[in-house]
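All remarks here apply to the structure that follows.
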Amino acid sequence: PVRRTVTIVTDNNQICNTTLSINVTIYPSPKSAIEAYTIAGRPEIVVYKSKSILSDSCDWELSDGTHRFNTDSIVQQYGNNGLYRILLKNTNMYGCTDTVSLMHRTLLTGLFVPNAFRPESPDYKVNTFKPVGMGLKSFYMGIYDLWGNLIWQTQSENNPEILEGWNGRSKNGTPLPVGVYIWRIKAIFEDGTEWKGNQTKNGFYSTEGNVTLLR
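Numbering (the numbering used here) for the sequence shown: 151 to 365.
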C-alpha cells in the first residue's frame, strides 16, 4: 500500500479559506487479462489462460452461467456455432477487483451429401435427398438426369443450413423412376471459403456426384 497526504482548501467570496489535510492509503489493484488459443476439431476445444497480475483469487464465469474458482486456466468445448463469452474477475488481499471479458466465436464448417434415398419411406431422414451443412453462407444444388437435363434445383442465401430436400419428383411434380441421378452443388461457408466437394477415389475433390433413387 502507498500512503499519501491529501490537502483540501475551501474558500468563500470574502476570501476566507479553511485547510484540511487527511492521510490516504492507496491499495494496489489487480489487472485482469485472458489469453486464449484453439485446438481445431469437432467439437472445437478452446483453452483460456489467466494472464492477470496482482491477484490473490479469481472467478471465471463461463458462457453457460456456471463458475470456476481459483484456477489459472480452463478448457471449454464448443460443438455448435455461435458466440461464447468468458468473464474473469480477479480479487486481491485488499478486496480490490478487476474484471475482463472475452468473446469467442466458434465456426465449424462442413457439408455431408448422402448417396441414396427412398421417397416412400415414412422416415423423414431418408425420404428426401437433403445434404446436411454446418457454417454455410450460401448453397445451391441442382439435380440432373444421366443425359444432363436439369430436373430440380434449390438455392438458399438467408438461412442455408435449413436446406430444402429433393423428394424424387420432377419440376412439375411427376414422380421419377428408380435410378441414378446426378447432383451438382455450390456452397460457400461463413468464413468465405468454398466447399471443395467430396473426395474421390483418386484423391481429387468433386462438387458433382451420384444419388440413387429407391422405391
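No residue lacks a Cβ here, since even glycine has one placed at the ideal position from N, Cα and C.
This one's a predicted model, so the numbers in the text were calculated from it and none came from an experiment.
Sequence-distant Cβ neighbours of R319 in its own chain, meaning closer than 7 angstroms and more than five residues away, are P325 and L326. Taking a C-beta distance under 8 angstroms as the contact criterion, W302 and K321 qualify as a contact pair.
P180 and Y274 have their C-alpha atoms some 56 angstroms from each other. Runs of the beta strand (DSSP E) spanning 3 or more residues and lying entirely within the segment 194-254 occur at 194-200, 207-211, 217-219, 223-228 and 232-241, in chain order. G191 is classed as exposed because its beta carbon has fewer than 16 other beta carbons within 10 Å across all chains shown. Taking the C-beta atoms as reference points, Y187 is found no nearer than 8 angstroms to S223.
Here L364 is exposed. Its C-beta has fewer than 16 other C-beta atoms within 10 Å.
The segment 252-283 is shown to contain no whole alpha helix (DSSP H) run of 4 or more residues. DSSP places A337 within a strand segment (E or B) once states are collapsed to three. By a beta-carbon distance limit of 8 angstroms, L313 contacts G283. Their separation comes to about 6 angstroms. Here S205 is buried. Its C-beta has 16 or more other C-beta atoms within 10 Å.
In this structure, DSSP gives S320 a state outside helix and strand, which the three-state scheme calls coil. Counting only the Cα atoms, N240 lies some 8 angstroms from S202. When the alpha-carbon of T256 is set against those of S356, I195, G323 and F289, the nearest one is in I195. Ranked by Cα distance from W333, the first of L286, F262 and N308 is F262.
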